[in-house]
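K.L.:
Residue numbers (the working numbering): 13 to 285.
A virtual CB, placed ideally from N, CA and C, is assigned to each residue, including glycine.
Small disclaimer: the values here were computed from a predicted structure and weren't measured.
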């Protein structure tokens, strides 16, 4: 198991010393900030960053920008999203990244219309049909992230906002290139971490960790909200989890505080085994 963090909002190069000094061994590069847009990862930069990561013993992954919609209703827009992820998979392969985390996408429409979510899910599946063969060929898995539910009267409908939906999708796509990143904060707003773990344990390569009040996606430092982290980490220990626990907080001091808090719990659990 590796302690990691989401590299945001600064460029990944600016986090190299930070990672080593604070005992992190994994870096997930978030591509949302302008200085980290995918087009800036030209071959020279990618090659140099790979050398730096390997020299420091750091593994890496990418996080696609969260507005990216692989379930878009407009064919031309969805095709552009697919092309973006295809390029991202290629860059990830060049970097030696272990996986690419992606949000599953969303539908837009009147919330009482059940076909809105069904159509969005169908579009996501079409995108996966296109992307997974490339991911298999490059040996860079796609890790789908579960999303927190939106209010029932919202006109945006997120996919994979329940463990049941995630489980159904995974059963339809047995590809070894389709993995899962369980966002613990999102999961706790959507029925609890254990429900998502039960359907995704065998395909989970990473977690995103941050705290909340179990009602809203607040991205608080673990230990300052209501999530039972001892229960979460006990589940990981008992399940033999060997992926990355990535702190998804944005201030450097919060990244460090989160890791230190969770490390203390993990050490107590391992000691009491």
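Which residues in the same chain have their Cβ closer than 8 Å to the Cβ of residue 245, if we skip the five residues on either side of it in sequence?
P.N.:
274, 277, 278, 281
K.L.:
Within the segment 238–285, note down every full beta strand (DSSP E) run reaching 3 residues or more, in order along the chain.
P.N.:
Here the runs fully enclosed are 256–259.
K.L.:
Please list the terminal residues of the continuous alpha helix (DSSP H) segment that includes residue 202.
P.N.:
Element bounds for residue 202: n/a, residue is neither H nor E.
K.L.:
May I ask you to report which of helix, strand or coil DSSP gives residue 228?
P.N.:
Of the three classes helix, strand and coil, the one that applies to residue 228 here is coil, per DSSP.
K.L.:
Which term fits residue 240, buried or exposed, when burial requires 16 or more other beta carbons within 10 angstroms of its beta carbon?
P.N.:
Around the C-beta of residue 240, fewer than 16 other C-beta atoms lie within 10 Å, and the residue is accordingly described as exposed.
K.L.:
When you compare only the Cα positions, how much space is there between residue 174 and residue 152?
P.N.:
25 Å
K.L.:
Write down the C-beta distance between residue 150 and residue 102 rounded to the nearest angstrom, noting that I regard them as a contact closer than 8 Å.
P.N.:
Correct: roughly 7 Å between the Cβ atoms.
K.L.:
Do you know offhand how far residue 113's Cα is from residue 283's?
P.N.:
32 Å
K.L.:
Alpha carbon to alpha carbon, how far is residue 160 from residue 243?
P.N.:
20 Å
K.L.:
Under the three-state reduction of DSSP, which class applies to residue 84: helix, strand or coil?
P.N.:
coil
K.L.:
Please state the DSSP three-state secondary structure of residue 60.
P.N.:
helix
K.L.:
Provide the residue span of the beta strand (DSSP E) that contains residue 15, from first to last.
P.N.:
Here the beta strand (DSSP E) through residue 15 covers 14–19.
K.L.:
Can you tell me where the beta strand (DSSP E) with residue 218 in it begins and where it stops?
P.N.:
216–221
K.L.:
My parser needs the beta strand (DSSP E) runs of 3 or more residues fully inside the segment 143–219; what are they?
P.N.:
154–157, 168–170, 190–195
K.L.:
Please tell me whether residue 172 and residue 97 are closer than 9 Å, where the distance is taken between their beta carbons.
P.N.:
no
K.L.:
In this structure, does DSSP put residue 8 in helix, strand or coil?
P.N.:
Nothing in the structure corresponds to residue 8, since the chain is present only between 13 and 285.
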